[in-house]
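S.K.: Residue numbers (my numbering), protein chains in the order written: chain H, 3 to 155; chain G, 3 to 155; chain R, 3 to 155; chain F, 3 to 155; chain Y, 3 to 155; chain S, 3 to 155.
Sharing a structure here in structure tokens format.
Protein chains: 6
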Amino acid sequence: MTKIAIFPGSFDPFTLGHYDIILRAMPFFDEIIIAIGENSSKNALFSVEKRLLMIEKTFAQYPKVKTESYQGLTVDFCRQKKAHYLLRGLRTTADFEYERSIAHSNKTLFPELETVFLLTAPEYSFITSTIVREIYKNKGDISGFVPKAISDF
Amino acid sequence: MTKIAIFPGSFDPFTLGHYDIILRAMPFFDEIIIAIGENSSKNALFSVEKRLLMIEKTFAQYPKVKTESYQGLTVDFCRQKKAHYLLRGLRTTADFEYERSIAHSNKTLFPELETVFLLTAPEYSFITSTIVREIYKNKGDISGFVPKAISDF
Amino acid sequence: MTKIAIFPGSFDPFTLGHYDIILRAMPFFDEIIIAIGENSSKNALFSVEKRLLMIEKTFAQYPKVKTESYQGLTVDFCRQKKAHYLLRGLRTTADFEYERSIAHSNKTLFPELETVFLLTAPEYSFITSTIVREIYKNKGDISGFVPKAISDF
Amino acid sequence: MTKIAIFPGSFDPFTLGHYDIILRAMPFFDEIIIAIGENSSKNALFSVEKRLLMIEKTFAQYPKVKTESYQGLTVDFCRQKKAHYLLRGLRTTADFEYERSIAHSNKTLFPELETVFLLTAPEYSFITSTIVREIYKNKGDISGFVPKAISDF
Amino acid sequence: MTKIAIFPGSFDPFTLGHYDIILRAMPFFDEIIIAIGENSSKNALFSVEKRLLMIEKTFAQYPKVKTESYQGLTVDFCRQKKAHYLLRGLRTTADFEYERSIAHSNKTLFPELETVFLLTAPEYSFITSTIVREIYKNKGDISGFVPKAISDF
Amino acid sequence: MTKIAIFPGSFDPFTLGHYDIILRAMPFFDEIIIAIGENSSKNALFSVEKRLLMIEKTFAQYPKVKTESYQGLTVDFCRQKKAHYLLRGLRTTADFEYERSIAHSNKTLFPELETVFLLTAPEYSFITSTIVREIYKNKGDISGFVPKAISDF
């Protein structure tokens, strides 16, 4: 059976932490769909379109990695894509508790869906999209926080 | 002395986790007032009136359980109701740290007030009102997350 | 129905944090049994007998508070005493996660048993029996950490 | 490439939490080796031999699941078995921080090794081998905590 | 070399917890600049001007302590002030994880900047500006939460 | 006044995480005494003498850094050395809660003593002496975990 994983998020913007998770998860799955949830995108810094382009450029050389946006519940998007895996990165204990609530809720709604966690590498473990947005808005240098394809954008 | 407990919250909506706490706390107190704080009710999904009705319907068979809404500080509502106990459920360490700040602050304002904590049952420990609202807004099935009287509402 | 609570622990020694929990829980219960578990008492600093005496002296003026030691499982001691409440203090998130495992396990073994948590007051929240033992063994002054009846012992 | 995962631990004893992780991880891997580390087995309740038998009996119907014991570092055992995945369950934030240290240390020693985490189901999330041992030693009923093949052993 | 520390925050309002950190950090530094970040001041309860006056009044007798507001990134303000130290108080594990992300991000942007942490005293560890604002807005008594110069303001 | 800091620990062995904290704390203090507590040294992997030599070799070029061992309470050693600062590194929330208990206890015993915390750099944040000992005992390569002077020892 084809192993399809959804990597959901708002990715406003996509960071080196996200990038690291995708690279390490690649041997694991036949296809990984990086999926931008449009619900949580109000007041975003970058438009959904721009975020899609940024991520596509980042993974241009990796045919296994697709990029899409979706509306509605993540579990409904998974069903539509016939994906049985959700991929998530873990950095901190706060992350962990938040992800645990979401994962158990998703399993209640879609029992065949398994959430698989990888650890963000230590050197990227402090990076959050919130901090990157703050730096960007104040004209700071975000090149130490996002993939080159994105800081060059 | 009559033991009156206030169970404060926004309950937008009331979940199976809240329900479980009330059922287990019932032998403990002579009266439990489920109290909807109107302050934190801006941008609520369900109106205060609707939330009151939902909770009343849920506990229709339990005369010990009352439902009210209040404005202002929780400690002032406790004083007005002559309640010396606040009842709270604990699910996660994030919950715990938040509740600890609130409880010690309340004790500074009203030293005779004691906050009593029960643990949410493991099978409901991942349910949050925030997640239920998200599911509801996206037309998902909330019946696994809230009491029957509420999902039927 | 008589409300009997068991406050189990090794209490090697009983600290100001434990003392504070008992004082605040007293209005709540008809009887509180401070119960020293002998299982976990290997390599203790103070003998079970000495600990019993220390705690009895501390609560000499409070007839509601009893002191006993027990062997075997806490749930079996609760059954024997017809106690339906376990009383525990919470100081930190590490405490919380440990207590949550114990409480849910106890409920699996004895479903009618409810664990009730109070928060340790902020000014005693850093006190642990382990640290007090370390200070005592190194001839430091433990009077800021334990009830007067115990530091005078 | 054959996907082989090692699920390392002391499993003294193997619990319903461990069992749940293996069942859910099975679609993911071609082979899962449940590996009892003999290093950390001093003062064990059950001998390594007995634990091997208990786990084998538990998974008798699942040919994908093997059971072995090992000495030395987990990374060396992974190299010997040509396994590039470590499988671990996460229950609490304390678990998470401990596992994070181990996982990053393992990656320093064996960069091709990826640790994959699944969440323990909520209803088993409070079960620890330490608590089960305590219940067993005190002649309590462990059938709510371990697979049937083990409580029947 | 003059040791200059920046103590950044929104201080809406400045609490007894903040006050305690400054008093204890004073022997450590030649100059401490309490710096109100204007970015995060939207929807503030007290205006930046009022907060500056409150804090100045609080430290009127301490010439080492300066008060300023700033716009843009904290690291840019540090560079402008030739400050190589950021001073922060730690109360809870949630604080710790948030501060860790910020501190490592700041070090990425300004490698010569060191963040120094002191622990908030236990008796103030539950105080948050958010709770104080809530009490103030509901006409509660904030004198147990903020320095006298501020509650008298 | 001379600023003397004690950096207490068992350092069995001293790791890259410890090393990083000392290097970053150096501009801060006039003298840093790395102090090996002999109390907690039972069942150590390396003898106190060997640990002293390892640390001395590591900091041979830094005259500000001294190495000593001590018996008894850390606060008594601080008094004897006229040190008013304890230096500690923070890696995880578990660290933080443990350190908080110790620091507040030390302040109760010696009110003039301030504990100053720095964050361990992300790339060393997963290293613990416990894990290094495990690797060393199993003949693994510890060069990625300890200073060169120590892995060459």
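From the three backbone atoms N, C-alpha and C, an ideal C-beta is built for every residue, glycine too.
#1: Can you list, in chain order, the stretches of the beta strand (DSSP E) that have 3 or more residues and sit fully within the segment 112 to 143 of chain Y?
#2: Which residues in the same chain as G/A105 place their Cβ atom closer than 8 Å to its Cβ, once the five residues preceding and following it in sequence are excluded?
#3: Identify, in the order they occur along the chain, each residue of the same chain with its Cβ nearer than 6 Å to the Cβ of G/D32, setting aside the five sequence neighbours on each side.
#4: Might you give, ordered along the chain, the residues of its own chain that have their beta carbon closer than 8 Å to the beta carbon of Y/Y100, omitting 5 neighbours on each side?
#5: Count the other CB atoms, across all protein chains shown, that sit within 10 Å of the CB of S/E136; report buried if there are 16 or more and exposed otherwise.
#6: So, under 8 Å CB-CB, G/I8 and G/I35 are touching, yes? Tell me the CB distance rounded to an integer number of Å.
#7: What does a CB cutoff of less than 8 Å around H/E40 pick up in its chain, not counting 5 residues either side in sequence?
#8: Tell me whether S/R81 sits in a helix, a strand or coil according to DSSP, three-state version.
#9: For a test of the three-state rule: what should DSSP assign to G/R93, helix, strand or coil?
#10: Please decide whether H/F98 counts as near chain S, where near means a Cβ-Cβ distance under 8 Å.
#11: Based on Cα-Cα distance, which residue from Y/I38, Y/P149, Y/F155 and Y/F48 lies nearest to Y/S22?
#12: Since H/F16 contacts H/R53 with CB under 8 Å, what's their CB separation in whole angstroms?
#13: Which of the residues in the segment 134 to 150 of chain S, read from start to end, lie with their CB under 9 Å from any CB of chain F?
#14: For H/V67 and H/I24, I'd like the C-alpha separation in whole angstroms.
#15: Against chain S, does F/T60 count as a neighbour if the rule is that its beta carbon must be under 8 Å from one of theirs?
#16: Compare the C-beta of F/L89 with all C-beta atoms of chain H and state if any pair is closer than 8 Å.
#17: Residues of chain R with CB under 7 Å from F/T94, in chain order?
#18: Would you list the residues sitting across from G/G11 in a DSSP beta bridge?
#19: Do R/R126 and R/L55 have their CB atoms nearer than 8 Å?
#20: Pull up the DSSP beta-bridge partners for R/V67, would you.
#21: Helix, strand or coil for H/L75? Go by DSSP, reduced to three states.
#22: Rounded to the nearest angstrom, what separates G/T95 and S/F98 at their Cα positions?
#23: By alpha-carbon positions, which one of S/F147, S/L75, S/I144 and S/F119 ends up nearest to S/F112?
#24: Considering just the uninterrupted stretch of the alpha helix (DSSP H) at S/T17, what are its terminal residues?
#25: Three-state secondary structure (DSSP) at R/L47?
#26: Quick check on the DSSP output: the alpha helix (DSSP H) that includes S/A151 runs from which residue to which?
#27: Name the DSSP beta bridge partners of G/Y87, please?
#28: Which residues of chain Y have a Cβ atom closer than 7 Å to the Cβ of R/P124, listed in chain order?
#29: Applying the 10 Å Cβ sphere with the 16-neighbour rule, what's the burial state of G/N45?
#30: So is S/K109 buried or exposed if we call it buried at 16+ other beta carbons inside 10 Å?
#31: From this set, S/V77, S/G142, S/R93 and S/S145, which residue's C-alpha is nearest S/T122's C-alpha?
#32: I need the DSSP call for F/S107, collapsed to helix, strand or coil.
#33: 8 Å is my cut-off, CB to CB: does Y/V118 come that close to chain S?
#34: Apart from the five residues on each side of it in sequence, which residues of its chain come closer than 7 Å, Cβ to Cβ, to R/I129?
M.R.: From the atom records:
#1: Under the rule that a run must span 3 or more residues, the beta strand (DSSP E) segments found entirely inside the segment 112 to 143 of chain Y read 116 to 121.
#2: The answer, listed in chain order, is L88, R90 and T117.
#3: So the qualifying residues of the chain are T4 and K5.
#4: Nothing meets the Cβ criterion.
#5: So S/E136 ends up on the buried side.
#6: Going by Cβ atoms, the distance from G/I8 to G/I35 rounds to 5 Å, so yes, they are a contact pair.
#7: For H/E40, where only same-chain residues beyond five positions count, the Cβ hits under 8 Å are V50, S71, Y72 and Q73.
#8: Here DSSP, grouped into helix, strand and coil, assigns S/R81 to helix.
#9: In this structure, G/R93 counts as coil in the three-state DSSP scheme.
#10: Output row for H/F98: interface = no.
#11: Position check: residue 22 of chain Y holds Asp in this sequence, whereas Ser was assumed. With distances taken between CA atoms, Y/D22 lies nearest to Y/P149 out of Y/I38, Y/P149, Y/F155 and Y/F48.
#12: Their Cβ separation, rounded to whole angstroms, is 7 Å, which keeps H/F16 and H/R53 in contact under 8 Å.
#13: Within the segment 134 to 150 of chain S, contact with chain F at the beta-carbon level (separation under 9 Å) is assigned to V134, E136, I137, K139, N140, K141, G142, D143, G146 and F147.
#14: Going by the C-alpha atoms only, they are around 8 Å apart.
#15: It does not; no Cβ of chain S falls within 8 Å.
#16: False, the Cβ-Cβ gap to chain H never drops below 8 Å.
#17: Residues of chain R passing the Cβ test: E99.
#18: For G/G11, the beta-bridge partners assigned by DSSP are G/I38.
#19: Reading the sequence as shown, one finds Tyr at residue 126 of chain R and not Arg. No. Outside cutoff.
#20: Looking at the DSSP assignment, R/V67 forms a beta bridge with R/I34.
#21: Three-state result, H/L75: coil.
#22: When rounded, the distance between both Cα atoms is 14 Å.
#23: Closest option to S/F112, judged by alpha-carbon separation, among S/F147, S/L75, S/I144 and S/F119: S/L75.
#24: Here S/T17 belongs to no alpha helix (DSSP H), and DSSP marks it neither H nor E.
#25: Look at R/L47 here: in three-state DSSP terms it is coil, with no helix or strand label.
#26: That run of the alpha helix (DSSP H) goes K150 to S153.
#27: For G/Y87, the pairing in a beta bridge is given by DSSP as G/A7 and G/E116.
#28: Within 7 Å Cβ-Cβ: P124, E125, S127 and F128.
#29: With fewer than 16 Cβ atoms within 10 Å of its Cβ, G/N45 is classed as exposed.
#30: Burial of S/K109 is indicated by the presence of at least 16 other C-beta atoms within 10 angstroms of its C-beta.
#31: Selected option, being the one with the closest Cα: S/R93.
#32: Note: F/S107 maps to helix in three-state DSSP.
#33: It does: the Cβ of Y/V118 has a partner Cβ on chain S nearer than 8 Å.
#34: Here the set comprises T17, L18, G19 and F147.
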